[in-house]
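Q: Under this note's numbering, think of the first position of the sequence shown as 11, with each following residue one higher.
Where is the CB? At the ideal position from N, CA and C, for every residue including glycine.
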Amino acid sequence: MLTRLLHQAGFFSIQWDASTSDQVAGTTYVRASPREMLRVFVPASGGQIELYAGSLFAGKLRYRGPVRNEAELLRLLDNKYNYIAA
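1. How about G64 and E46: are their beta carbons less than 7 Å apart?
2. Here's a check: name, in chain order, each residue in its chain whose Cβ is nearer than 6 Å to the Cβ of R41, leaving out the five neighbours to either side.
3. Does the beta-carbon of I24 have 16 or more other beta-carbons within 10 angstroms, so that it is buried, or is it exposed?
4. Between the alpha carbons of S43 and T37, how many angstroms are there, rounded?
5. Would you identify the three-state DSSP class for L66, choosing helix, strand or coil?
6. Between P53 and A81, what straight-line distance do the alpha-carbon atoms span, to the nearest angstrom?
7. On the CB-based measure, 16 or more other CB atoms within 10 Å of its CB, does V34 come out buried or exposed?
8. With which residues is M47 paired in a DSSP beta bridge?
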């Protein structure tokens, strides 16, 4: 479900070369906008996502946690000032 919703929201998956040994396996999705780059990391194990905003390599973590439904995902993606505890 999450992959479909991200594609519908304009995200595409990228190859992300993790330079740290503690990197969790998963898929990274990005969407560019005039304001900033949004990057969503979806762990292979599921459960939580990580949403970053800013530049691709120096984005700030804006949200880490579960996404229960489409409305919640859209709210997170549309609210650039969402600083839910990471």
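A: From the atom records:
1. yes
2. G20, F21, L48
3. exposed
4. For S43 and T37, the distance between alpha carbons rounds to 20 Å.
5. The DSSP-derived three-state label of L66 is coil.
6. 20 Å
7. exposed
8. Here M47 is bridged, per DSSP, to A42, G64.
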